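Numbering (our numbering), first residue to last: 17 to 696. Working notes for the structure below.
Laid out in structure tokens, this is it:
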């Protein structure tokens, strides 16, 4: 029995030394991938990685091996492209074949924790089990040491292996980005990296970890990200640029060229040649330069037969490899899916941004050209002031508090984001006290009900008050009026339309008072771009009907010219930053068109849009149908089509700004809505 135990111990010891002392296999990352990496999620979970699913990743993998002379590789990508797995797989390859300290940085601790728990750690375990290097039974010991509380073991954010460590770092943490010397690194979701307050650009800290290897140029960094908003100038030397786009454009700019099945020539997908069938997206095709319509089934073969071609080669720059991956070449997407996503993106400027960045893999520049105020003034319609039009299911009120009074706007909105201003005015009076002056008139507005086309009275679904001025009075007033919210606008791109409520009232002990006043912050800049896109829309004739596009804005004859001057008072400009001794920087910002122009009604509209965003972000067709039922719309009119993006078509006699809109007859209150939806 003792002999058997000693023999077993000897075998185990021999296995350990065999794994530790055996020379490392010389194999490129591209060849190592399909033999070692098991997918841990998606439709092919549990299977080995295969180039057939992402043929465009093979050349990128070749650039990441030590024998390739580049020091940086950049991937500007769409979502669901498979490129993120490549970065994680590269970390495993480094531990196995090219051991070196590696820094993997992402924006935010929660992102980092999810990355480890859902992807990296399962990949490590699946890889070592597949290659029989998990230390179980007679298997060789693991390459990456198992999780342990001892100094020698791995942790959640530090993976230990012979010859190096893999650090998972929060790019927004100074401590995570300091005190390390790394030879290889990954900047993941690079475009989402933001300056660290008091410490500046986290990329400066990241690059500092590679200083020891910069003279010999034997370090290697992978930049990978979906792009974001780009507000920089054309030079590329100023702030505001999308980080991954700048890396891509300063690289050799490789695009995946697909093989046309008809002319046998290579082509790069360009969105303007994508032929979308709006009624039947599955029939959408790509029009090759030769005139052949490439179908979805042909696309798959065309992608697999493709190759990378750089568009920038010999010039004054030492260009590093940079790759563009979009939904057109992703084999997890299809022409049908791209067409559906594009059609859905037309509802707002923010949705267009998401389509550009997440599907097309391209940075987005918000548009900021407001139409001439007289053009909007001249298209006013003669509908009844203070009455909710038949298509509108939501009612929103926003107020902007100033020194001498309060501006407000009452907005009725349909499920397709079509809107009607049913009231807008100025309430004169002092605004110092919540129970005096203009606030008394605001209280009357708060208690008011609004008649609709179905002999019902509507109460506002949202009621927000700007707390940028006389903040204390606004907070007190909103606390005393249930259903209202104090809001404060915030400049900057990438902010959400409406933040979570932040408690404001504290007691003498410094603790939050339960049920006290709260404030929510509004991301104004993206919403302004969306609004100006909406007011630029025009109605179109479709046979005998007039179709109002998603987001179309209606205005009433009761609105004066001053209102339209205010809602068109701002535009996007390039603002310079820096003094004489500093490098001049530029970025796109919103500013008034001329000194002295008021923008209070514009603020009201932006706050109304922010308050209503939650409905449009979460409501399904069933939710809208239920709301329509609660609003008294008859069941025969509550159809799914009523809530489609092309809802509420009108007859030819209802051209906006030319023919008055009649009030529904009392004996048939739904006839008007039925007429408006005829032909849907």
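C-beta atoms are modelled at their ideal positions from N, C-alpha and C, and glycine is treated no differently. It should be emphasised that the depicted structure is a prediction, and the values quoted were computed from it without experimental measurement.
- Comparing C-alpha distances from residue 173 to each of 130, 179, 305 shows the shortest one belongs to 130.
- In this chain, the alpha helix (DSSP H) harbouring residue 74 covers 73 to 80.
- Contact check between the stretch 71 to 90 and the stretch 257 to 270: three or more CB pairs, one atom from each, fall below 8 Å, which counts as touching.
- If you look at residue 62, you'll find it isn't in any alpha helix (DSSP H); DSSP assigns it neither H nor E.
- Burial check for residue 424: the Cβ neighbour count within 10 Å reaches 16 or more, so the residue is buried.
- Its Cα nearest to that of residue 94, the residue 260 stands out among 194, 57, 260.
- The beta carbon of residue 327 lies closer than 6 Å to those of 269 in the same chain, with the five residues before and after it left out.
- With a 10 Å radius around the Cβ and a threshold of 16 neighbouring Cβ atoms, residue 68 comes out exposed.
- A check of alpha carbon separations from residue 623 across 581, 561, 544 identifies 544 as the nearest.
- As DSSP reads the structure, residue 239 sits in a beta bridge with 90, 203.
- Leaving aside the five residues that flank residue 442 on each side, the residues in its chain whose CB is nearer than 6 Å to its CB run, in chain order, 421, 423.
- One alpha carbon belongs to residue 116, the other to residue 316, and they sit about 38 Å apart.
- 618 is the residue among 618, 345, 158, 215 whose C-alpha sits nearest the C-alpha of residue 585.
- Its Cα nearest to that of residue 411, the residue 402 stands out among 402, 277, 393, 417.
- A direct Cα-to-Cα measurement between residue 63 and residue 102 gives close to 15 Å.
- Buried is the label assigned to residue 427, since at least 16 other Cβ atoms lie within 10 Å of its Cβ.
- For a cut-off of 8 Å, the C-beta gap from residue 546 to residue 365 is around 4 Å, short enough to register as a contact.
- Here residue 498 is exposed: its Cβ has fewer than 16 other Cβ atoms, across all protein chains shown, within 10 Å.
- Within the same chain, and ignoring the five residues on either side of residue 138 in sequence, the residues whose Cβ sits closer than 6 Å to its Cβ are 56.
- By alpha-carbon distance to residue 179, the top candidate from 198, 164, 188 is 198.
- Note on residue 220: under 16 other CB atoms within 10 angstroms of its CB, so exposed under the neighbour-count rule.
- Comparing C-alpha distances from residue 135 to each of 104, 500, 119, 379 shows the shortest one belongs to 104.
- Where residue 183 is concerned, there is no enclosing alpha helix (DSSP H), although the beta strand (DSSP E) around it starts and stops at 180 to 186.
- By the Cβ neighbour-count rule, residue 518 is exposed, with fewer than 16 other Cβ atoms within 10 Å of its own.
- DSSP, read as helix, strand or coil, puts residue 285 in coil.
- The beta carbon of residue 552 is closer than 7 Å to those of 387 in its chain, skipping five residues each way along the sequence.
- Residue 510 is not a Cβ neighbour of residue 141, given a cutoff of 8 Å.
- Sequence-distant Cβ neighbours of residue 299 in its own chain, meaning closer than 7 Å and more than five residues away, are 293.
- Here the alpha carbons of residue 451 and residue 350 stand approximately 59 Å from one another.
- Looking at 337, 382, 548, 207, the one whose alpha-carbon comes closest to that of residue 236 is 337.
- With 16 or more other CB atoms across the displayed protein chains lying within 10 angstroms of its CB, residue 447 is buried.
- Residue 556 is a Cβ neighbour of residue 563, given a cutoff of 8 Å.
- Counting of Cβ neighbours within 10 angstroms places residue 188 among the buried residues, the total reaching 16 or more.
- Annotated three-state conformation of residue 159 is coil, per DSSP.
- Residue 279 is classed as exposed because its beta carbon has fewer than 16 other beta carbons within 10 Å across all chains shown.
- Residue 282 places its beta carbon 8 Å or farther from that of residue 91.
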